[in-house]
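To start, the structure itself, in structure tokens.
Number of protein chains: 4
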Amino acid sequence: MSAVRQLSESSLHRWFGLLVTRYSHDPRTVRRCAEAYHADPSAATLLPLQQSVESPRQELFNRLSLAPGGAAALVELRGGLLRGLAAHPEWASIDADLVRLLRAWFHPGFLELRRLDWQTAPAILEKLIAYEAVHPIGDWRELRRRLESDRRCFGLFHPAMPDTPLIFTELALTSGLSANVQELLEPRSPIIDPVKCDCATFYSISNCHDGLRNIPFGNTLIRRVVSVLERELPGIRTFATLSPVPGFRPWLTAAVERGAVPRELTVGLDDSQWVADRSRDAALERTLKLLCARYLLQEKSGTEPCDPVARFHLGNGARLHRLNWLGDTSPSGLRRSAGFTANYLYRLDQIDKNHRAYVRHGRVAASRSVEKLAASLGPLLTPTR
Amino acid sequence: MSAVRQLSESSLHRWFGLLVTRYSHDPRTVRRCAEAYHADPSAATLLPLQQSVESPRQELFNRLSLAPGGAAALVELRGGLLRGLAAHPEWASIDADLVRLLRAWFHPGFLELRRLDWQTAPAILEKLIAYEAVHPIGDWRELRRRLESDRRCFGLFHPAMPDTPLIFTELALTSGLSANVQELLEPRSPIIDPVKCDCATFYSISNCHDGLRNIPFGNTLIRRVVSVLERELPGIRTFATLSPVPGFRPWLTAAVERGAVPRELTVGLDDSQWVADRSRDAALERTLKLLCARYLLQEKSGTEPCDPVARFHLGNGARLHRLNWLGDTSPSGLRRSAGFTANYLYRLDQIDKNHRAYVRHGRVAASRSVEKLAASLGPLLTPTR
Amino acid sequence: MSAVRQLSESSLHRWFGLLVTRYSHDPRTVRRCAEAYHADPSAATLLPLQQSVESPRQELFNRLSLAPGGAAALVELRGGLLRGLAAHPEWASIDADLVRLLRAWFHPGFLELRRLDWQTAPAILEKLIAYEAVHPIGDWRELRRRLESDRRCFGLFHPAMPDTPLIFTELALTSGLSANVQELLEPRSPIIDPVKCDCATFYSISNCHDGLRNIPFGNTLIRRVVSVLERELPGIRTFATLSPVPGFRPWLTAAVERGAVPRELTVGLDDSQWVADRSRDAALERTLKLLCARYLLQEKSGTEPCDPVARFHLGNGARLHRLNWLGDTSPSGLRRSAGFTANYLYRLDQIDKNHRAYVRHGRVAASRSVEKLAASLGPLLTPTR
Amino acid sequence: MSAVRQLSESSLHRWFGLLVTRYSHDPRTVRRCAEAYHADPSAATLLPLQQSVESPRQELFNRLSLAPGGAAALVELRGGLLRGLAAHPEWASIDADLVRLLRAWFHPGFLELRRLDWQTAPAILEKLIAYEAVHPIGDWRELRRRLESDRRCFGLFHPAMPDTPLIFTELALTSGLSANVQELLEPRSPIIDPVKCDCATFYSISNCHDGLRNIPFGNTLIRRVVSVLERELPGIRTFATLSPVPGFRPWLTAAVERGAVPRELTVGLDDSQWVADRSRDAALERTLKLLCARYLLQEKSGTEPCDPVARFHLGNGARLHRLNWLGDTSPSGLRRSAGFTANYLYRLDQIDKNHRAYVRHGRVAASRSVEKLAASLGPLLTPTR
């Protein structure tokens, strides 16, 4: 393991090559076993067939992982693999083997939910600063505001990697549902008594390990946080997100290019000052909201919504509740979400039902008002595809 | 999961039946995939084949394990399965699926070594009393002696089962290598300053979960204990076991029946008083020792020694160092080991080499003196097979 | 300190003698300072006077206490001093100095309340077995029943003595107020869901250090336990004790001797079988109850009740609520309390008021029914003094 | 207690006045007791005298301290008292009472030494930033460098105030004795393997509570740190300080004013650039060193050295080992210490002897070389007093 750790990037790539050529399953053996099973399908022929399709890499990775810090090192290894995967599609089989191992190891039942606050070791807190991907944390003063008594931060940890969360989320406790991200992040905002709050808003979720991509923790994290807070703060009635709509602005631009949306609509939308000046322009707000609702509810990639954040929360069983124009007026908020934020609601008693309807029938759970917005857009737009 | 937990034994057995008939892989699909691979062996045909040989049980168990306490419940489930396996050989495929999951979950890298002593929660210590399989612990007073400063007890724990060790071992710190078990267990024996000791003797290793049978933890446990003690007590030069030779007495009886050993030799061997009276009978001692050495070094089952304890320690890379006549004169010591104990030596710098020689060439690491004993038996015995 | 610790009893006694003769204040200095103050009472003359009345022992003890484990060693030292005090009344001044130090050190604000249960180190739990003074704990099985989920055990700990509580108390959680001790102690009694209980009964309070006699912890302990349980188990409405009346039987005997009570009344009272047979003798029960109420409410030593347990709980601000005939039929229960138990009620909102009335006016807080019992005894008895 | 906490400054001052006029001892009672003792000096008259000289404030403070957080609140109260003491000398008696209590409560035996590092809660680490009095910590990045593996930070904590150390010290682990403070503080300096270091340098000690002034913790802290590090890092042979000489520059100025030292000597000494340019001026260095040695060894206030840092370390039993010109060229280093640092050596086997010689005979422990410097100054200077 320590030899692997010290490999230069080029040596590592050569090693990956070796893993493909020398440590894959043996096609001849697979073929022989498949033929044997074909001739006589029984337990006696199945077992060899099962073994023949498992690559020797599995066992190699298993042994490497026994070294001290081995599991963490394999996670990092997969991070390196993924970075080169586009250029080396033949590594996909290595990735498949690693994913199989990592899925078993990072089993949700073995993950520990920990609250992170001003009592938590800086060795862990500095990871929040490093990995916050949604709303960057500028310094320790900003971090501190996010850990005060009316905020919550939770991470999922694996026993073999106690110093870095696998994933973490940040919440604000508020009276009434939050619409605006900048208000929540303001370091000088007054601190509210959490007992008087009725709403908990997830405003950020970030992963910390490239090497764990596609091994899902978000759903587990949100469910556990909700059930912890339900117990701790019985006054909280609403669990919701304050999320970006990161595919909306690109989609809008494409629609303009296509001539489906008048070009005038997007003029000025990248200029935060111009946008702020339109804060009372009800017509603009309404038109954009119709389009945003339409985008989220009807634009699909396969059976799922195009928007990646929508896919994540709807797939978890949440319901799209509300769209907030000027909810995020930061440069990235405009560039990605045209200034919108979306609230997705998490109700523990509905998420299983929503999840099933979503997975089986592609049904998007949304509030009546958002559904109405999407429906009332009418023939303004020609279909995108 | 909670439904499964409440099943009566007969319902559980019916459920196992269902798992075989309805949740096994589908032979037709396997066949079709095998044929496709056969026709065109490529990544595109391999993946379906891989998936087709995995049973739906895997996914079922995975989901069950997500329930709170799910992993522990599956361990218990496998315990029940194993108890009925002899009568239901068709359950073997269920067992194979469970083993595959449990092996990944109970990965040595995720196990925590904890010292157990008089500061440890009684909720854990009572498990020692319950599961000690080699030298039973009568009560809390006996337990306490085994946790004093010249004794050590270590357990391996999994984060999902924090209240019960997976396996634990007990050691005595002594000056000079111990030969006699009864001396070590005596509750009134004087307590020695551990700093003055030069030898650490493993005198007991016990597993706590039937449902983890054949998922090996012993090797990991011993290696970690040795490296912890090496750091804590630099005065310890020798790490050894004081082990039973549990197959010796039955083997001896069989040899008598076969006429390979004179019957007079075993007369009285079951009577602890008779044996104690022979403590100075050097001829008897020598004859039995020759036989015991012969049994351990030359009696094989396949390429490995017949004796299960020898198989375990030699497979771990230990070396058979010494045989002690009258080392265990308890009724079970006589009944199983004809009163013998064996010391196996663990030297961290040799166990990898010994392990390889054992696995590859069936070579048994033994001291010169034990080898000489085995060699000098001569033609007394006719071969057993 | 280590020299002091190794002194034999006789040497220790000589050392105590030295502490009196050589380490007391100097009467001539005190006299001179008192004269100076007398002549000119000012801050300038007060300070020397203050210093002159402090003995050099104070400083000696202070320095000894700096040794590792020094505070604990001084507690033990005072234990030895108290054992010899009756024979050496001149040691009283040493004791006064030690008490002054220990009172400051064992300040209630520095004591930690810990729940003791089946997760607690045996090194601490064995102290419960050793020091339980009210209802002895026979073995670990009996101890375990006292630590189940419908029982509570709490200790007060000082940071310098983390392994032994200063004092501990045991409670039972029940539906309805308990009257009978034997029921609570029964190891095989069924375990009740604590959430369904409405009453918490203190059935035992024990001190662990002779050397801390007269340094009161009981009041602090009970108040903290009540406020912890109020938070943890909001269903608990009643906090009460199930206490002995340890001076009742001796008082009764004395009353018989004096002719104030007919001798027939006490015949058979020492025989548990005889007593059990009278369990339906309402007249006997009533007569004894009248006498017991009379004893607790009206028999005084100075301004306080004679009964030591009554003094303790009433001084803490509790209220005498109920007397239970046959509440403790163990040999010691008969010998000391004539089979009675008493329930004292602790209500956090009343104990300060009760405490003040007790301290200032000697007023005993009691329920109407107990007061009526005491009042209705009439001229049966002649006054005891 | 909560009423006291909410007092405005002026109300608090009135309350202090009340404590003097109404809660002091009663002079008439003291007088009467003194007379009684005068007439008949015995135990019977001593006890009342002892009690009469104790003010009722003691008991008041004792009761206040029972409130939650009471001890911490009294510490803060004394902080406020000390800030007004110069203007209200009559409060000195209140202070005396508080000191007596606090000394007993903050007994060294009850204090816990904790290492503070990057695993420590930010709620504690931010106190280091707030209270570091010797070499201010600019931000979290600077703090982090002071907590790396070749640095150590230790605090003494009291159980009643677990979130703020009473006092803390910072050390650097180095090869060879450090002379220069700026090198140690440099955030970008390379991190050294602590196992290869032979020297541990205390470069800062700071108190955190004004209200604990004159209650000494520094000696306890240093001794415990030394013995912890001796065990942890056996390679450390030298424990020393890198200290300022804060009274040297003012003394030099006064000497110039007095005409005892030529004015030219101090021209430019306040200009860090000028000083840096003189780094090779051996004559200047030697003259200043002679004067600094003279200052530290011979300038006394009473029997002790004038320099407060010298008093602290010499009083603890350390030995003045070396003077380092240009050891601290920060503005405050020049302004206070004329650029000097001093190394005081702590050897556990000598500090008791040094301490006694210092306390009894005013003897300053110093190395031969520093003694020689002080002695060789000759008649350059006229005596200061």
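Residue numbers (my numbering), protein chains in the order written: chain A, 1 to 385; chain B, 386 to 770; chain C, 771 to 1155; chain D, 1156 to 1540. Quick reminder that beta carbons are idealized off the backbone N, C-alpha and C, glycines included. It should be emphasised that the depicted structure is a prediction, and the values quoted were computed from it without experimental measurement.
- Bridge pairing for Tyr-729/B: Leu-705/B [DSSP].
- What Glu-420/B touches in chain A, judged by beta-carbon distance under 9 Å, is Ala-34, His-38, going in chain order.
- Taking 7 Å as the threshold, the shortest C-beta distance from Pro-859/C to chain D does not fall below it.
- For Asn-1124/C, the enclosing alpha helix (DSSP H) begins and ends at 1121-1131.
- In this chain, the alpha helix (DSSP H) harbouring Ala-419/B covers 412-424.
- Per DSSP, Asn-1362/D is not a residue of any alpha helix (DSSP H); the beta strand (DSSP E) it occupies stretches across 1354-1362.
- The beta carbon of Thr-253/A sits closer than 8 Å to those of Thr-266, all from its chain and outside the five residues before and after it, given in chain order.
- Closer than 7 Å to the CB of Ala-506/B there is at least one CB belonging to chain C.
- In chain order, Trp-910 make up the part of chain C whose C-beta sits under 7 Å from the C-beta of Trp-525/B.
- Of the other Cβ atoms in all chains shown, fewer than 16 fall within 10 Å of the Cβ of Pro-1405/D; this residue is therefore exposed.
- Contact between the stretch 210-223 of chain A and the stretch 94-112 of chain A is present: three or more C-beta pairs spanning the two stretches fall below 8 Å.
- Of the other Cβ atoms in all chains shown, fewer than 16 fall within 10 Å of the Cβ of Lys-757/B; this residue is therefore exposed.
- When Cβ-Cβ separations below 7 Å define contact, Phe-924/C makes no contact with chain D.
- Distance between Leu-166/A and Val-134/A, taken at the CA atoms: about 16 Å.
- For Trp-1480/D, not one C-beta of chain A is nearer than 7 Å to its own C-beta.
- Chain C has no Cβ within less than 7 Å of the Cβ of Phe-1261/D.
- Considering only beta carbons, the part of the stretch 110-137 of chain A lying closer than 8 Å to chain D consists of Trp-118, Gln-119, Thr-120, Ala-121, Pro-122, Ala-123, Leu-125, in chain order.
- Of all C-beta pairs linking the stretch 461-481 of chain B to the stretch 395-409 of chain B, three or more are shorter than 8 Å, placing the two stretches in contact.
- The residue from Phe-312/A, Pro-27/A, Ala-374/A, Leu-128/A with its alpha-carbon nearest to that of Arg-146/A is Leu-128/A.
- Shown here, Leu-156/A sits in a strand according to DSSP, grouped into three states.
- Non-local beta-carbon contacts of Leu-143/A in its own chain, meaning distances under 8 Å to residues more than five positions away in sequence, involve Leu-125, Leu-128, Ile-129, Ile-137 in chain order.
- At a cut-off of 7 Å between C-beta atoms, Val-53/A counts as an interface residue with respect to chain B.
- A contact between stretches requires three or more CB pairs, one per stretch, nearer than 8 Å, and the stretch 1490-1503 of chain D meets this requirement with the stretch 1459-1476 of chain D.
- The Cβ neighbour count for Arg-679/B, taken over all protein chains shown within 10 Å, is at least 16; the residue is labelled buried.
- With a threshold of 7 Å between beta carbons, Gln-828/C makes no contact with chain D.
- Per DSSP, Arg-671/B is not a residue of any beta strand (DSSP E); the alpha helix (DSSP H) it occupies stretches across 667-683.
- Taking the Cα positions, Glu-860/C is about 55 Å away from Gln-567/B.
- Counting every other CB atom within 10 Å of its CB across the protein chains shown gives Glu-170/A a total of 16 or more, marking it as buried.
- Annotation: Cβ neighbours of Leu-1256/D in chain C (cutoff 8 Å, chain order): Ala-874.
- In this structure Val-1411/D is not in contact with Phe-1394/D, their Cβ atoms being roughly 36 Å apart against a cut-off of 8 Å.
- Identification of chain D residues near Leu-999/C by a Cβ-Cβ cut-off of 9 Å yields none; the smallest Cβ-Cβ distance measures about 17 Å.
- One finds Val-800, Ala-804, Leu-819, Val-823 in chain C with Cβ atoms closer than 9 Å to the Cβ of Leu-1204/D, taken in chain order.
- Spatial neighbours of Phe-697/B in its own chain (CB-CB distance under 7 Å, excluding positions within 5 residues in sequence) are listed in chain order as Gly-603.
- Taking each of Pro-41/A, Ser-243/A, Trp-325/A, Gln-50/A in turn and checking the Cα distance to Leu-269/A, the smallest one comes out for Trp-325/A.
- Runs of the alpha helix (DSSP H) lying entirely within the stretch 118-192 of chain A, each at least 4 residues long, are 122-131, 140-145, 181-185 in chain order.
- Under the Cβ distance rule, Ala-841/C counts among the residues neighbouring chain D, one pair being separated by less than 7 Å.
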